[in-house]
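Inspection log for the structure reproduced underneath, given as structure tokens.
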Amino acid sequence: MGALAVAGFVVVIVGVNLPNPLVPLYTERYDLTPLAQSVLFSLYLLALVATLVTVIRRPSPRLSPRTTLIVALALSAVTDLLMVWGSQMFAGLVAGRLAAGVSVGLATGSAATLALAALGERARTVVASGAVIGSLAGNLGGGLLGVLLPAPSSTVFAVHLVVALTVVAGLLPAGRTPAAAPAAAEPETDGRYGYRPRHRRAALLLGAMSWSTAGVVLALVPTSLRTVLPGVSLLEAVLPGGVFLASAWAAQAACRSRILQLRAWQLSVPLVVGMALIAVALDQGRWWLLLAGAVIGGLGQGPAYSLGLATVTFGLRAGRQGRATSWYAAVAYGACGVVTTAIGAYALQTSVPAAIATLAAGLAVAGLSAAAFAGAPQRIHLTARPATA
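So the sequence shown is residues 10 to 398, counted in this note's numbering.
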């Protein structure tokens with residue numbers, strides 16, 4: 010069940026990211042400005058944060074995590090239908106992005122709870138990895154299918170619809186199953202050696218920084234690249250975003266076993282440098298520099314999100330892990346929506362490269378703040394004392 014829950018979460022994230030490589034098509038059809046592109050991208054983040062906050066504050070006692078994940082996948086399939094409508098009517102795009110946000114909001118906490126309960130501590134940061142893997146698959150897959158399939162703004166979502174319904178079928182219970190044995194109580198952190206509130210503030214800053222950079226890269230770079238280098242295909246336009254996410258995933262995988270040993274400043278530096286290089290590359294039309302910036306930025310993005318999530322969920326039981334994961338995601342994605350929209354608005358007054366350069370400067374300030382909150386390396390370990398509620 011744990012592996013299937015992770016797969017379901019990844020499928021939901023894939024569906025959210027499929028429209029990203031198609032933004033140039035939407036821009037041509039509906040004459041979208043950089044601000045409109047940012048708003049279209051951020052609509053799902055608005056719905057996502059609203060859903061996360063609602064689920065956290067008013068959890069439904071009737072819906073188990075498994076049922077909630079099934080509902081999220083079903084809603085993701087509905088989103089595909091709305092996006093197909095969006096190829097003809099702009100209202101369909103708006104409705105589809107809002108529905109996508111709700112589906113991710115429902116899937117985030119439920120997948121984290123199911124994964125930790127079934128897979129144990131090794132699944133502590135599974136949502137962080139799943140978010141990057143799903144984003145990578147959605148962006149590259151959408152770009153590839155957009156090149157290979159006819160009428161990509163419709164057929165791409167038809168393919169995802171079939172995949173989502175297949176995973177739903179796998180999650181549906183097959184008859185009566187024996188009740189699972191009660192899980193052994195998991196120890197939680199001792200306050201003397203665990204993370205303090207200032208460490209969690211640093212973690213939230215890292216989460217906000219990580220997805221703000223990803224949001225800007227995915228929302229604004231493809232169309233800007235096609236403006237700088239006319240004739241670039243959909244797959245080529247989304248390649249910098251794919252390289253960014255692939256680098257993020259590789260860095261997550263490399264750091265997984267020692268994620269808590271990383272420092273906030275170590276992950277802030279590549280985020281700042283990567284975005285600065287992307288700004289210069291778009292301004293000068295240098296393809297190789299754009300890819301270099303994407304690689305460097307990704308090296309910071311993936312581990313930054315994982316470190317933040319590992320910090321805020323350290324030592325929590327499965328149920329509390331789901332709630333903490335949802336709060337963390339709400340902050341990270343909410344910041345992503347605000348920053349992406351603000352950068353799009355600023356790009357209207359200046360240019361996309363200038364707006365991204367401004368973001369790099371803001372990331373430098375946020376990185377210094379995160380490093381200040383984190384302070385000296387913290388001694389942490391789990392104790393055997395009973396966990397508190």
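Backbone N, C-alpha and C define an ideal beta-carbon position, used for all residues, glycine too.
Short CB-CB distance (under 8 Å) between A285 and chain D | Checking the listed chains, one finds no chain D in this structure; it contains a single protein chain.
Does the segment 36–45 come close enough to the segment 352–361 to have 3 or more Cβ pairs within less than 8 Å?
-> yes
Go ahead and pull the three-state DSSP assignment for Q97.
-> Stepping through the sequence shown from its first residue, residue 97 is reached at position 88. Here Q97 sits in coil by DSSP.
S315 by DSSP, collapsed to three states: which one?
-> By one-based count along the sequence shown, residue 315 stands at place 306. Reduced to three states, the DSSP call for S315 is helix.
For the segment 22–73, list the beta strand (DSSP E) runs that are entirely contained and at least 3 residues long, ordered along the chain.
-> none
What did DSSP end up calling A160 once you bin it into helix, strand or coil?
-> Here residue 160 corresponds to residue number 151 of the sequence shown, with the count starting at 1. Residue state, collapsed to three classes: coil.
Within 8 Å, strictly: CB atoms of L27 and G151 | Reading the sequence shown from its first residue, position 18 is the one you call residue 27. Reading the sequence shown from its first residue, position 142 is the one you call residue 151. Their beta carbons are under 8 Å apart, which means L27 touches G151 by this criterion.
If we count the other Cβ atoms within 10 Å of its Cβ and call it buried at 16 or more, is S73 buried or exposed?
-> For the purposes of this step, residue 73 is identified with residue 64 of the sequence shown, where counting begins at 1. Result: exposed.
Helix, strand or coil at A381 according to DSSP, with G and I counted as helix = Against the sequence shown, residue 381 aligns to sequence position 372. Three-state DSSP puts A381 in a helix.
Give the secondary structure of L372 by DSSP, where H, G and I count as helix, E and B as strand, and everything else as coil.
-> As a position in the sequence shown, residue 372 is number 363, starting the count at 1. Note: L372 maps to helix in three-state DSSP.
Hey, out of A344, G294 and R326, whose CA is closest to A126's CA?
-> Counting from 1 along the sequence shown, the entry for residue 126 is found at position 117. Closest option to A126, Cα to Cα, is R326.
Report yes or no: do three or more beta-carbon pairs, one from the segment 215–222 and one from the segment 332–350, lie closer than 8 Å?
-> yes
Keeping to the same chain, check which residues put their C-beta closer than 6 Å to that of I352; ignore five residues upstream and five downstream.
-> Here residue 352 is taken as the residue at index 343 of the sequence shown, counted from 1. Cβ within range, chain order: V225, A364 and L368.
Segment limits, alpha helix (DSSP H) that includes S219 = To locate residue 219, count along the sequence shown from 1; it is residue 210. Counting along the chain, the alpha helix (DSSP H) containing S219 begins and ends at P206 to V237.
Throw me the rounded Cβ distance for the L271 and P312 pair, which I believe falls under 8 Å.
-> Residue 271 sits at position 262 when you count from the first residue of the sequence shown. Residue 312 sits at position 303 when you count from the first residue of the sequence shown. 6 Å between Cβ atoms; contact.
Leaving out five residues on either side along the sequence, give the residues of the same chain with a beta carbon under 8 Å from the beta carbon of A193.
-> Counting from 1 along the sequence shown, the entry for residue 193 is found at position 184. Unreliable placement is indicated for A193, whose pLDDT of 41 sits below 50; no coordinate value is reported for it.
State the CB to CB distance for the pair R209 and V321, rounded to an integer number of angstroms; the pair is presumed to be in contact (CB under 8 Å).
-> Residue 209 sits at position 200 when you count from the first residue of the sequence shown. Residue 321 sits at position 312 when you count from the first residue of the sequence shown. Yes, they are in contact, since the Cβ atoms of R209 and V321 sit about 5 Å apart, within 8 Å.
Going by the CB atoms, is the gap between L286 and G302 shorter than 8 Å?
-> Counted from its first residue, the sequence shown places residue 302 at position 293. Counted from its first residue, the sequence shown places residue 286 at position 277. In contact: G302 and L286 (Cβ atoms closer than 8 Å).
Classify P249 as buried or exposed, calling it buried when 16 or more other Cβ atoms lie within 10 Å of its own Cβ.
-> For this step, residue 249 is matched to residue 240 along the sequence shown. Buried, since its Cβ has 16 or more Cβ neighbours within 10 Å.
Can you tell which of W258, S163 and V19 has the C-alpha that lies nearest to the C-alpha of G114?
-> Numbered from 1 along the sequence shown, position 105 holds the residue referred to as residue 114. Comparing Cα-Cα distances from G114 to each of W258, S163 and V19, the minimum goes to V19.
Taking the alpha helix (DSSP H) that F253 falls in, what are its first and last residues?
-> The residue labelled residue 253 in the question sits at position 244 within the sequence shown. Note, F253: alpha helix (DSSP H), L243 to C264.
Please classify S360: does DSSP put it in a helix, a strand, or coil?
-> Residue mapping note: residue 360 aligns to position 351 of the sequence shown, counting from 1. Coil.
Assumed close pair A108, V87 - CB separation to whole angstroms, cut-off 8 Å | On the sequence shown, residue 108 is found 99 positions in, with the first residue counted as 1. On the sequence shown, residue 87 is found 78 positions in, with the first residue counted as 1. At roughly 6 Å, the Cβ-Cβ gap stays under 8 Å, so A108 and V87 are in contact.
Collapsed DSSP secondary structure at A325 in the structure displayed | Taking the sequence shown and counting its residues from 1, the one referred to as residue 325 is at position 316. What sits at residue 325 in the sequence shown is Leu, not Ala. Coil, per DSSP.
Verify whether the separation of the beta carbon atoms of A383 and A211 is less than 8 Å.
-> One-based indexing of the sequence shown puts residue 383 at position 374. One-based indexing of the sequence shown puts residue 211 at position 202. Their beta carbons are under 8 Å apart, which means A383 touches A211 by this criterion.
For W258 versus V141, is the C-beta spacing smaller than 8 Å?
-> By one-based count along the sequence shown, residue 258 stands at place 249. By one-based count along the sequence shown, residue 141 stands at place 132. Result yes, Cβ atoms of W258 and V141 sit closer than 8 Å.
Pick from L174, V25, A100 and W94: whose alpha carbon is nearest that of V400?
-> Examination of residue 400 is not possible in this model, given that the chain is present from 10 through 398 alone.
Using only alpha-carbon positions, find the residue among I22, M92, M98 and G105 that is nearest to L430.
-> Here the chain covers residues 10 to 398 and nothing more, so residue 430 does not appear.
Span of the alpha helix (DSSP H), counted from its first residue to its last, around Q270 | Here residue 270 is taken as the residue at index 261 of the sequence shown, counted from 1. First-last for Q270: undefined, no H or E at that position.
Express the C-alpha separation of A14 and A124 in angstroms, rounding to a whole number.
-> Position 115 of the sequence shown, counting from 1, holds the residue named residue 124. Position 5 of the sequence shown, counting from 1, holds the residue named residue 14. Those two C-alpha atoms are separated by around 6 Å.
Secondary structure at L280, three-state DSSP: helix, strand or coil?
-> Looking up residue 280 in the sequence shown gives position 271. Note: L280 maps to helix in three-state DSSP.
Around the Cβ of T36, are there at least 16 other Cβ atoms within 10 angstroms (buried) or fewer (exposed)?
-> For the purposes of this step, residue 36 is identified with residue 27 of the sequence shown, where counting begins at 1. So T36 counts as buried.
Straight-line gap, L269 to T117 (C-alpha atoms, nearest Å) = Against the sequence shown, residue 269 aligns to sequence position 260. Against the sequence shown, residue 117 aligns to sequence position 108. Each residue's Cα considered, the two are about 22 Å apart.
Please confirm whether L291 and S233 have their CB atoms less than 8 Å apart.
-> Taking the first residue of the sequence shown as 1, we reach residue 291 at position 282. Taking the first residue of the sequence shown as 1, we reach residue 233 at position 224. Taking 8 Å as the Cβ cut-off, L291 and S233 qualify as a contacting pair.
Proximity below 8 Å, CB of P33 to CB of R235 | Numbered from its first residue, the sequence shown carries residue 33 at position 24. Numbered from its first residue, the sequence shown carries residue 235 at position 226. Yes; because the gap between Cβ atoms is below 8 Å, this pair is in contact.
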